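Residue numbers (this note's numbering), protein chains in the order written: chain A, 31 to 206; chain B, 5 to 216.
All C-beta atoms, glycine included, are put in the ideal place defined by N, C-alpha and C.
Keep in mind it's a predicted model, so treat the numbers as computed, not measured.
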Amino acid sequence: MIWDLFLTFFKIGFISFGGGYTVIPMIQNKVVLHDWMTIAGFQKAVSLAGMAPGPIATNAVTLIGYDTAGILGAVAACAGIVLPSLIVVIVLSAFFFPLQHNKTIKSVFYGLRPVITGLIAYAAIHFGGFDKPGHYNTMTLFTLLICAGCLWLLVKYKWHPLTVIAAAGVAGIVFL
Amino acid sequence: MKTNWRERLYISAQLFWMFVRIGPSTFGGGYAMMPVIEREVVKKRKWIGEKDLADVVSLAGSAPGGVGVNAAAFIGYRKAGIPGAAMAVIGVTLPTFIIVIVLSLFYLKFQDNPKLQAALKGVHGAVVALIVMAAYRMAKAAIFDKATAALSILALLSLLVLPVTPLIVVAAGIVIGIFLIRAKARAGKKADTEKPSSSHPGQELMYPEYYI
């Protein structure tokens, strides 16, 4: 189990471009597949992870590891998802980095960046539960309203993300 | 790296402790670490030059994973090789790891409280909003011509409709990118691979990029 946690998130870590948002749907997929958590449990874990500082994907898998196999599970999951970053950065700075102005490398990023944009947008839609029209309910509407309100506070009033998260939590207590 | 192993060990320990202290500054998002890194690593210790800091930011942003973790790995590797990189990464991850475990313990203790459940449902909406902000900011850097706009929409639609994995989408993006630039070059057109930069990068790096 510990090894499974490590290996699963190790593989996901290699494609967590764009800071890890992109892999949230993938993590959900694997977690449900391995029967580590239900979808509802996963959403709670990510929300809880969202209250901590730092990369949300790393925090989420740490929580999943802890929930599944205690502190060892947390360490294995966290190490699994962080290790690919370490390996990629070392390889990049040792061999690749002098090539950063290379034309092919630049055209790789030319295609990669828009695709990552699409992946992050998908992560938002998927995590919000907006991609399953058959399963819309009052919670979907509530999430949509809270999300819209948070965006408004972030863009218009430039609230700090942490304040927005706290406000959303209070809104949940007041309205639900 | 001409330093001997003892010195490296000492530097690795220093790296670890420095990043333990920097770690919690990710409360403002991974990029919020950059000014702190600048102060600690560039100004105070002079471990890397002012010019290298731009490299740190660009490499940390393009490698997979969190920006803060990647920046720590890069600086650690520069300073003390692989052990340095490992110690820096452990250092930057440790404070968040502990916070997450404490949150988890707190949750397990009060999970039957309906107020906590309601609060979490609210936070769920806020997390969605912060991911939307991240997508928007990524779009601002990534989309600057018809091809990039089409690529991002195509990526999103295929994920929503087709049974494809993100890995396939990422691979397709890379292949199409290379192909497009080659085709443009062959047609004799000017092929920009990056958005022409005019804005102030310093201001661009402020929060909404919270969860990385």
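Return the first residue and the last residue of the alpha helix (DSSP H) that residue i is part of.
i	result
T169/B	T169/B -> no alpha helix (DSSP H), and no H or E assigned at all.
L192/A	P191 to F205
R12/B	W9 to I26
G72/B	V71 to F114
H165/A	No alpha helix (DSSP H) holds H165/A; DSSP gives it neither H nor E.
H254/A	Since the first residue of chain A shown is 31 and the last is 206, residue 254/A is not available in this structure.
D56/B	E54 to S66
A70/A	I69 to A79
In terms of alpha-carbon separation, which member of the options lies closest to residue i?
i	options	result
G84/A	Y35/B, R43/B, A151/B and W51/B	Y35/B
K188/A	G65/B, L134/B and M22/B	L134/B
D161/A	K144/B, S162/B and F114/B	S162/B
T152/B	V168/B, V132/B and I185/B	I185/B
P39/B	G72/B, I15/B, Q115/B and A17/B	G72/B
W66/A	D97/A, S115/A and L37/A	D97/A
K136/A	M137/B, E44/B, I180/B and L13/B	I180/B
V118/A	I103/B, R43/B and G70/B	G70/B
G49/A	I111/A, V121/A, L63/A and L102/A	I111/A
P191/A	V61/B, V131/B and A90/B	V131/B
D34/A	H64/A, G71/A and I120/A	H64/A
I54/A	A109/A, V91/A and V105/A	V91/A
L164/B	G103/A, I101/A and G159/A	G159/A
A104/A	P114/A, T88/A, S115/A and T52/A	T88/A
G65/B	V204/A, R143/A and K133/A	R143/A
Y140/A	K188/B, A17/B and L107/B	K188/B
C180/A	E54/B, I157/B and V127/B	V127/B
V60/B	A89/B, R49/B and I79/B	I79/B
F36/A	I94/A, H131/A, T193/A and A109/A	A109/A
K199/B	T169/B, P167/B and M142/B	M142/B
A99/A	R190/B, K50/B and S108/B	S108/B
F183/B	V168/B, P167/B, A92/B and L155/B	L155/B
F110/B	A79/A, V204/A and V61/A	A79/A
I41/B	A76/B, K125/B and I103/B	A76/B
I155/A	V138/A, A178/A, V121/A and L183/A	A178/A
M91/B	K194/B, F114/B, L124/B and A17/B	A17/B
P118/B	A106/A, N132/A and L206/A	L206/A
Residue i by DSSP, collapsed to three states: which one?
i	result
Y211/B	Confidence is the limiting factor: at Y211/B the pLDDT is only 41, short of 50, which leaves the residue's position unreliable, though a coordinate-based value still follows. Y211/B falls in the coil class under three-state DSSP.
E42/B	helix
N59/A	helix
M37/B	helix
P144/A	helix
P85/A	coil
S46/A	coil
A191/B	coil
W51/B	coil
M142/B	helix
Y187/A	coil
W182/A	helix
I147/B	coil
G126/B	helix
M169/A	helix
H64/A	coil
I135/B	helix
T98/A	helix
T38/A	helix
M31/A	coil
F139/A	helix
F183/B	helix
Beta carbon of residue i, beta carbon of residue j: below 8 Å?
i	j	result
G85/B	V145/A	no
F20/B	I94/B	yes
A139/B	G202/A	no
I52/B	R82/B	yes
I195/A	M56/A	no
F39/A	P68/B	no
L171/B	Y152/A	no
I150/A	T68/A	no
T147/A	A58/B	no
A89/B	L116/A	yes
E44/B	M22/B	yes
L102/A	I32/A	yes
L93/A	V106/B	no
For the structure I just gave you, are there three or more beta carbon pairs, one from the stretch 94 to 102 of chain B and one from the stretch 17 to 28 of chain B, closer than 8 Å? Judged by Cβ distances under 8 Å, the stretch 94 to 102 of chain B makes contact with the stretch 17 to 28 of chain B, as three or more pairs qualify.
Are the stretch 72 to 84 of chain A and the stretch 173 to 180 of chain A touching by the rule of at least three beta carbon pairs closer than 8 Å? Using a Cβ-Cβ distance cut-off of 8 Å, the stretch 72 to 84 of chain A and the stretch 173 to 180 of chain A are not in contact, since fewer than three pairs of beta carbons, one from each stretch, lie closer than that value.
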